[in-house]
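Below: one structure, written as structure tokens.
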Amino acid sequence: MGQPHGYLGLKGNENVKVTIVGANFAALAAIDRLRRWDLGRNLQLTVVAPKAEFFYQPSLIWIPTGGRTPEQIHLSLASYFERMGVDFVQARATGAENGGRTLLTTAGKIDNDALLIASGGEYLTKAPGVKQNALIPCHLTDAQRAREFLSRMAGGNLAFGFSGNPDEPTAIRGGPMFEFMFCIENLLRRSGRRKKFTLTFFSPMAEPGKRMGPAAVKGLLTTMEKKGINTHLGHKIKGFTPDGIETEGGRVASDMTLFIPGMTGQPWFAKTGFPLSPGGFLKADAQARVEETQRVYVAGDAGSFPGPEWRAKQAHMAELQACAAADNIFLELNGKPSRKKFRTELICIVDTEKTGIFVSRFERFGLILPPLYLMHQVKRGLEWWSLKKYA
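Each number in my numbering corresponds to the 1-based position in the sequence shown with 24 added.
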């Protein structure tokens, strides 16, 4: 996206307040974008989040194998916020009033002229036994527990799976599970333990990874077959037990289960008065504006957006939505109509710790490349760039 058409600055208005909820990919992309347009720094930017920290979640896939430590993919945002002229409020959002002009938080009320919600979503954990008997490796503590279990295990059954939100099919983040599985399989080979383990991938979807396109599904299933990974697909999950997963199509034995549930919105969204989607997310339009509001925007996992059925919840899309939201906020604060739309794209590298499978999908075409060492290096480079940028 280029510079907002007809950029005039803020017409001399100082201390225009923009509040951003969250401190990850979408929030930081919005800060960068707003400061790019706000040459005179007339915007008073306030970030509300539990901690002034950035956690590079795409690299969580390397925690169970020891490829990364938490310290390597985590940094304080204090210097970045100071550099960007951001006021940080350590708090959690609890609701909104006055059509969004007042954000309610655990630290009190915060008034604004524009609001961007980029606080992410939550995982559905309603399946019986999932909290007690499965690790959700997108949570750092569970990724670390997986590493501890693997270091102690001489052999056994490992199960990897994901599911969606039945009320909102796009509320799914399954891609990382392929990476956790392939990286762990590679670890077992490196350590000479692979023959002592049985690995199974399970999902209620008959075609896991379908959002990446038919070629990607075929490629992933072929890779599993080559690596000797069993599959249990298309059967509804009934529950999780200490030694396996019960499905309507039978039982999957497991001594350690890694599982990524479908996603839903955060509970405080229901206390904003904003429209919610069937899955519990903030309902947004093609400009990333929360429907039926003025100068209230959403980006990333917190929102439910229009677009093709294959649209995904991933960091790349969160940044595109955040940039569109920032452009539109700036346009509106300058008295202009918000008309910037975000592009819907799916771009990812499915990593195996040795190679990476590049997958992309756009409105008119898609591209998938075979496993390449270069793509693994690209994934590492993206990590380096993000951590350097926000240090």
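Just so you know, even glycine gets a beta-carbon here, dropped at the ideal spot from N, CA and C.
Since we're looking at a predicted model, the values are computed, not measured.
Can you list, in chain order, the residues of its chain whose CB lies under 7 Å from that of residue i, leaving out five sequence neighbours each side?
i	result
A54	I44, L140, A142, A323, A346, A349 and A350
S187	S227, P228, I261, P285 and G286
L101	A47, A76, E77, F78 and Y414
P266	N157
E316	P299
Hey, how far is the Cα of residue i from the Cα of residue j?
i	j	result
F293	T129	12 Å
M280	L182	5 Å
G405	H340	15 Å
R319	L159	39 Å
Q290	R57	25 Å
A230	V383	20 Å
L69	W408	26 Å
G258	R197	17 Å
K412	I371	21 Å
G119	A51	18 Å
K219	D191	40 Å
G216	G91	17 Å
A94	Q311	Checking the sequence, you will find Pro at residue 94 rather than Ala. Answer to the nearest angstrom: the Cα atoms are 35 Å apart.
V402	G199	17 Å
L223	P152	22 Å
P74	R116	6 Å
F105	M399	32 Å
S278	T149	19 Å
V72	R125	15 Å
K360	Y321	16 Å
N353	V110	Checking the sequence shown, residue 353 turns out to be Ile, not Asn. Cα-Cα distance, rounded: 17 Å.
G297	L127	12 Å
Grab me the residues of residue i's own chain with a C-beta within less than 6 Å of its C-beta, minus the 5 sequence neighbours each way, in chain order.
i	result
F184	M201, M205, F225 and L282
S416	Residue 416 is absent from the model: the chain starts at 25 and stops at 415.
D325	G144, G145 and K337
A195	N189, G286, M287 and G303
R235	W334 and A336
A342	F49, A50, A323 and G324
V276	A183, T224, F226, H256, G268 and I269
A131	V113 and A115
Would you mind reading off the limits of the beta strand (DSSP E) that contains residue i?
i	result
H340	Unbroken run through H340 is the alpha helix (DSSP H), A339 to L357; no beta strand (DSSP E).
V314	Here V314 belongs to no beta strand (DSSP E), and DSSP marks it neither H nor E.
T118	A117 to E121
Q68	L67 to A73
I371	L370 to D375
L225	The residue asked about is misnamed: residue 225 is Phe in this sequence, not Leu. Residues F221 to S227.
Along the alpha helix (DSSP H) that carries residue i, what are the first and last residues, could you check?
i	result
Q96	Per DSSP, Q96 belongs to no alpha helix (DSSP H) and is neither H nor E.
S103	A102 to M108
F173	L164 to R176
K262	From DSSP, K262 is part of no alpha helix (DSSP H) but of the beta strand (DSSP E) over I261 to T265.
L398	Y397 to K413
I208	G199 to R214
L140	Element bounds for L140: not the alpha helix (DSSP H) but the beta strand (DSSP E), A138 to I141.
R59	F49 to W61
For residue i and residue j, which I take to be in contact (beta-carbon distance under 8 Å), what is that distance rounded to the nearest angstrom?
i	j	result
L14	E77	This structure cannot settle anything about residue 14, because the visible part of the chain is limited to 25 through 415.
A138	E377	A138 to E377, Cβ: 42 Å. No contact.
D375	C207	7 Å
C162	Q96	The Cβ separation is near 17 Å, so there is no contact.
K251	E209	5 Å
F221	G263	With 8 Å as the limit, F221 and G263 do not qualify as a contact, their Cβ atoms being about 23 Å apart.
Check whether the region 167-183 touches the region 81-95, taking contact to mean three or more Cβ pairs, one atom from each stretch, closer than 8 Å.
Output reads yes: the region 81-95 touches the region 167-183.
Would you check if there are 3 or more beta carbon pairs closer than 8 Å linking the region 382-400 to the region 238-245?
Segments in contact, yes.
Using a Cβ distance threshold of 8 Å, determine whether the region 352-365 contacts the region 330-343, with at least three qualifying pairs required.
The region 352-365 makes no contact with the region 330-343, as fewer than three CB pairs between them are under 8 Å.
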